[in-house]
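First comes the structure, then the notes that go with it.
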Amino acid sequence: GNSVTQMEGPVTLSEEAFLTINCTYTATGYPSLFWYVQYPGEGLQLLLKATKADDKGSNKGFEATYRKETTSFHLEKGSVQVSDSAVYFCALTFQGGSEKLVFGKGTKLTVNP
Amino acid sequence: NAGVTQTPKFQVLKTGQSMTLQCAQDMNHEYMSWYRQDPGMGLRLIHYSVGAGITDQGEVPNGYNVSRSTTEDFPLRLLSAAPSQTSVYFCASSSFGRGDPSYEQYFGPGTRLTVT
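Note that the protein sequences, when read in sequence, are chains U and D. Each residue of the first sequence is one higher than the one before, counting from 1170 in our numbering. Each residue of the second sequence is one higher than the one before, counting from 257 in our numbering.
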């Protein structure tokens, strides 16, 4: 079946550190890939997405590149801020009628000043 | 637009009680879904709907019922609550993505349910 595996957290960084959160997927076909972010006490919101191989999604200084050869979609940010503290979810879905999102388990990030 | 709204924000139930979690969206989205979020489990799909009058089961449907009588509303019913249903519940909606894999799902703020 289709699945998403994220690096387990929690991840604790100092402000301005470099962030990488690994995400790999298993899927039949060619999924679309997403990163969602959940700030404390809130629902999820889309951070970035990529719909085909070699696409790079970017938003708010975060980036992720759809790597078909390694089935990966790692999230990166060059310099994190305290306000980036949240839980990050990698997810996939398919075109062609299946709108169901498959989520990874989430990675909690804490950024200290 | 209010987006996706959920009520209540918090609820405590006793085992065996029933209740309905409400979800509404004002974006005219065809697709709506319910997820539960448990520590270390990520989000798991309970039920979903691709339009009024059409619902289907997700990954963890047991113990939950849904209906979709209007485009706007997608309530989730717990017929006989169990402690295993203690969780945070999120409703989400999106425009119908058939043929377009880049759609975004919009999430509500969640309902925190405790069953004692």
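Glycine included, each C-beta is placed from N, C-alpha and C at the ideal position.
Between the Cα of D:T326 and those of D:P339, D:T372, D:G309, spot the shortest distance and give me the residue it belongs to. The residue with the shortest Cα to Cα distance from D:T326 is D:G309.
Run of the beta strand (DSSP E) containing D:M229, from where it starts to where it stops: Shown here, chain D extends from 257 to 372; a query on residue 229 of chain D therefore has no answer.
Just verifying my parser: in three-state terms, what is the DSSP assignment at U:S1267? Note on U:S1267: pLDDT 49, under 50, position unreliable in the model; the coordinate value appears next. Three-state result, U:S1267: coil.
From U:L1244 to D:S340, what distance separates their C-alpha atoms? Their backbone Cα atoms lie some 33 angstroms apart in a straight line.
Can you tell me which residues form a DSSP beta bridge with D:T327? Its beta-bridge partners do not exist; DSSP assigns none.
U:P1282: buried (16+ other C-beta within 10 angstroms of its C-beta) or exposed? When all chains shown are included, U:P1282 counts as exposed.
Considering only DSSP beta bridges, list what U:A1255 is partnered with. For U:A1255, the beta-bridge partners assigned by DSSP are U:L1278.
With DSSP as the reference, label D:Q341 as helix, strand or coil. Here D:Q341 sits in helix by DSSP.
Could you tell me whether the segment 328–338 of chain D touches the segment 1255–1263 of chain U, using the rule of 3 or more Cβ pairs below 8 angstroms? The segment 328–338 of chain D, when compared against the segment 1255–1263 of chain U, does not touch it at the 8 angstroms Cβ threshold.
With U:N1228 as the anchor, note down where its beta strand (DSSP E) starts and where it stops. Per DSSP, U:N1228 belongs to the beta strand (DSSP E) from 1225–1228.
Can you tell me the Cα-Cα spacing of D:M275 and D:R324, whole angstroms? Between D:M275 and D:R324, the C-alpha separation is close to 17 angstroms.
Are D:F346 and D:G314 touching if we call contact CB-CB under 8 angstroms? Not a contact, by the Cβ cut-off of 8 angstroms.
Check each residue of the segment 302–314 of chain D: if its Cβ is closer than 8 angstroms to any Cβ of chain U, include it; give the result in chain order. So the list reads Y304, V306, G314, given in the order they occur along the chain.
Indicate the three-state DSSP secondary structure (helix, strand or coil) for U:F1242 in the structure shown. Coil.
Which residues in the same chain have their Cβ closer than 8 angstroms to the Cβ of U:G1266, if we skip the five residues on either side of it in sequence? With a pLDDT of only 47 at U:G1266, under 50, the local geometry of the prediction cannot be trusted, and the value read off the model is given with reservation. Hits under 8 angstroms: none found.
Just to confirm before moving on: does the CB-CB distance between U:T1279 and U:T1181 stay below 8 angstroms? In contact: U:T1279 and U:T1181 (Cβ atoms closer than 8 angstroms).
Reference D:T370; option with closest CA among D:Q262, D:Q267, D:V260, D:N257: When each option's Cα is compared against that of D:T370, the closest is D:Q267.
Could you tell me which residues DSSP puts in a beta bridge with D:N321? Per DSSP, D:R333.
To which residues of the same chain is D:M288 closer than 6 angstroms at the C-beta, ignoring the five residues directly before and after it? Once the five neighbours on either side are set aside, the close Cβ partners of D:M288 are S305, F330, S349.
Check whether the Cβ atoms of U:P1179 and U:T1262 lie closer than 8 angstroms to each other. Going by C-beta atoms, U:P1179 is not nearer than 8 angstroms to U:T1262.
List the residues of chain U that D:P331 touches, going by C-beta distances under 8 angstroms, in chain order. Within chain U, no residue comes near D:P331; the closest Cβ sits about 17 angstroms away, beyond 8 angstroms.
Answer yes or no: does any C-beta atom of chain D fall closer than 8 angstroms to that of U:K1274? Yes - at least one Cβ of chain D is within 8 angstroms of the one on U:K1274.
Since U:A1226 contacts U:F1187 with CB under 8 angstroms, what's their CB separation in whole angstroms? Here residue 1226 of chain U turns out to be Gly, not Ala, going by the sequence shown. Not quite, the Cβ-Cβ distance comes to about 18 angstroms (not below 8 angstroms), so this is no contact.
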